Amino acid sequence: MNLLRLLFKHETIALAPNAFNSDSSAATVILKILCQSLVRIDHDGAIAPELALRWAVSPCRKHYTFDLDDRVRFHSGRPFTANDVVRVFRQVFDGKSDSVLAADYEGLKEVKVLGPHRVAFEFSEPNDAFLNNLAWRTHIVDDTVAQPCGTGAFKLTEWVRGSHIKLERHIDGRGRGGANVDAVEIRYAPDVNERIALIERGAADIVESVPGSAAQRLEDAGLLRTMAAPSQARVLLCFNCQEAPFNDARVRHAVAHAVDRSALIRDVMGGQARPGEGVLPHDDPWMHPVDPVGYDPDKARMLLREAGYGNGLTIKVAHPTTAPLPAISARVAQDLEAVGIRMRASSYDDPPWWPYMYMRGNWQMAIQGTASRPHFDTLLQREFCTDGVFNAGRYSNAELDGLARRARHSTDNEERRELYARIQEIIRAELPVMALFSANVLVGWGPHISGFKAHPHGVVDIQNVRMAAPDDETA
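Numbering follows numbering that gives the first Met the number 0, in which position 473 of the sequence shown is assigned residue number 472; successive positions increment by one, without gaps.
Next comes the structure, spelled out in structure tokens:
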């Protein structure tokens, strides 16, 4: 039996598909192995078929029709049909679940069965991000409660909290292609040194996140092949915009000018990141250039004096214990100390950091890693709009809310580009969050592994992985 050993950063708090506690990168990376959606985001960032073989979009972008793959079976053995798609979306909107997906599908009027393997979606207004959101964290699952029963290439057989997860191969009418993995074991290593030690012992076949500072050494030693993929995943400073001192934008800007991001990327991230000069990376199709926030300690001190903090201040900061955030926190504290800002930092295991301490914690500034979003609209609706479910800093701007709503429902790309540009200018001026950098997805796999590569959204796609025999590492 070919057992594939995966090493992930940290454990998830839940594996309940489409639920609040599972709307996290830690849960999604596992759920994407177990569950599928109608479409997926491929390794190039494009929308590609998954449970749907093909689809059609009306010119008004209100009507979507999908033709489903009739070979698919759930892990329970039951055939997948259009009725399952309707049921999943009914549960998202029924008010009985704690799903946050309803906001992603604002304006959805009806999901209609057109045949056993044909389904249609109708919106009251255009929703430009629909396919992107559908491909991201919406999982089509069987009607079960005990565990995620999806249609993915592997099914869950055991979860021992604090230790491991075990999966086994699921085969339906689609077959298994050229893959030869029979079973999977997932373990966790939040600490960088622990992760490196496990890699050096040969205890992992695929590593979700290779420490950038050690990547070249591990590759030179023949322990791993590594691959970096540019990603929208970011590490940011999130400010509590409703309480002093960060209800004053001058203090937010002072912090931003005090942090030497280039040195942080070089010394902490091993160069495996890009400075964030806005809320979107340079290669995002909706990115609008904004003035960079330069490293300028003198300007930081001036802004603090203007805001009434010329004698310095102490701030409460929170962050998870997952690497590399503790090291980032220490480096940020060093830079802030130089301009008169002292950090009183508290660190939390993850979970329960996400979502409970981050969303409900008593902090003035949080240092948080955020997963990539499938569309700029998703990022805005969740993190920057006043009622955003993950707007942890309680930022509120009525103009931004209105612009985001107009952009979501526009069918004119040029109009939407202008709206998104204005939104990015507002965020740059008010700075409710400060992007330290966009982190590359840096994955690694043993020399005996083939058919695997980095995904821009951090998906660990193992359905086509092959494992060579111990005496044959040329595959």
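Note that CB positions come from ideal geometry on N, CA and C, so glycine has one too. For clarity, every value in this text was computed on a predicted model and none was experimentally measured.
To the nearest angstrom, report how far apart residue i and residue j are at their CA atoms.
i: residue 138; j: residue 430; result: 34 Å
i: residue 339; j: residue 291; result: 23 Å
i: residue 309; j: residue 299; result: 10 Å
i: residue 118; j: residue 16; result: 21 Å
i: residue 43; j: residue 344; result: 38 Å
i: residue 227; j: residue 194; result: 18 Å
i: residue 320; j: residue 332; result: 16 Å
i: residue 85; j: residue 262; result: 50 Å
i: residue 317; j: residue 441; result: 25 Å
i: residue 306; j: residue 373; result: 37 Å
i: residue 61; j: residue 106; result: 9 Å
i: residue 154; j: residue 171; result: 12 Å
i: residue 97; j: residue 19; result: 6 Å
i: residue 163; j: residue 201; result: 17 Å
i: residue 455; j: residue 437; result: 11 Å
i: residue 182; j: residue 168; result: 6 Å
i: residue 473; j: residue 191; result: Its pLDDT being 44, under 50, residue 473 is placed unreliably by the model, and the measurement read from it follows with that caveat. Straight-line Cα distance between these residues: approximately 29 Å.
i: residue 390; j: residue 383; result: 6 Å
i: residue 460; j: residue 313; result: 44 Å
i: residue 395; j: residue 211; result: 36 Å
i: residue 367; j: residue 387; result: 17 Å
i: residue 78; j: residue 410; result: 37 Å
i: residue 225; j: residue 34; result: 26 Å
i: residue 353; j: residue 393; result: 16 Å
i: residue 326; j: residue 92; result: 41 Å
i: residue 286; j: residue 159; result: 42 Å
i: residue 399; j: residue 443; result: 40 Å
i: residue 433; j: residue 357; result: 16 Å
i: residue 375; j: residue 419; result: 8 Å
i: residue 184; j: residue 303; result: 51 Å
Can you name the start and end residues of the alpha helix (DSSP H) that residue i belongs to?
i: residue 442; result: It is not in any alpha helix (DSSP H) - residue 442 instead sits in the beta strand (DSSP E) that spans 440-444.
i: residue 424; result: 412-429
i: residue 325; result: 324-336
i: residue 135; result: 129-135
i: residue 53; result: Per DSSP, residue 53 belongs to no alpha helix (DSSP H); it is in the beta strand (DSSP E), 51-56.
i: residue 404; result: 397-408
Taking C-beta to C-beta, are residue i and residue j nearer than 8 Å?
i: residue 88; j: residue 71; result: no
i: residue 179; j: residue 407; result: no
i: residue 274; j: residue 260; result: yes
i: residue 479; j: residue 295; result: Because the chain spans 0 through 474 in this model, residue 479 falls outside it and cannot be assessed.
i: residue 402; j: residue 381; result: no
i: residue 189; j: residue 447; result: no
i: residue 257; j: residue 335; result: yes
i: residue 100; j: residue 38; result: no
i: residue 40; j: residue 46; result: yes
i: residue 370; j: residue 237; result: no
i: residue 149; j: residue 73; result: yes
i: residue 67; j: residue 235; result: no
i: residue 229; j: residue 284; result: no
i: residue 36; j: residue 128; result: no
I think residue i touches residue j, with their Cβ atoms under 8 Å apart; what is that distance to the nearest whole Å?
i: residue 14; j: residue 30; result: 6 Å
i: residue 427; j: residue 250; result: About 16 Å; that fails the 8 Å criterion.
i: residue 214; j: residue 269; result: 7 Å
i: residue 6; j: residue 197; result: 6 Å
i: residue 223; j: residue 445; result: 7 Å
i: residue 152; j: residue 112; result: Not confirmed; about 26 Å, so no contact.
i: residue 278; j: residue 423; result: 6 Å
i: residue 363; j: residue 245; result: 6 Å
In the DSSP assignment, find the beta strand (DSSP E) that holds residue i and state where it starts and stops.
i: residue 65; result: 62-67
i: residue 345; result: 340-347
i: residue 304; result: Run containing residue 304: none in the beta strand (DSSP E); it sits in the alpha helix (DSSP H), 296-305.
i: residue 228; result: 224-228
Taking all protein chains shown into account, do 16 or more other C-beta atoms lie within 10 angstroms of the C-beta of residue i, making it buried, or fewer, making it exposed?
i: residue 59; result: exposed
i: residue 187; result: buried
i: residue 0; result: exposed
i: residue 241; result: exposed
i: residue 103; result: buried
i: residue 75; result: exposed
i: residue 457; result: buried
i: residue 329; result: exposed
i: residue 156; result: exposed
i: residue 267; result: buried
i: residue 297; result: exposed
i: residue 123; result: exposed
i: residue 23; result: buried
i: residue 12; result: buried
i: residue 21; result: buried
Would a check of beta-carbon distances place residue i closer than 8 Å to chain D?
i: residue 446; result: Chain labels in this structure do not include chain D; a single protein chain is all it has.
Within the present structure, is the beta-carbon of residue i separated from the nearest heavy atom of the ligand NAD by less than 7 Å?
i: residue 375; result: The model depicted lacks the ligand NAD and carries no ligand whatsoever.
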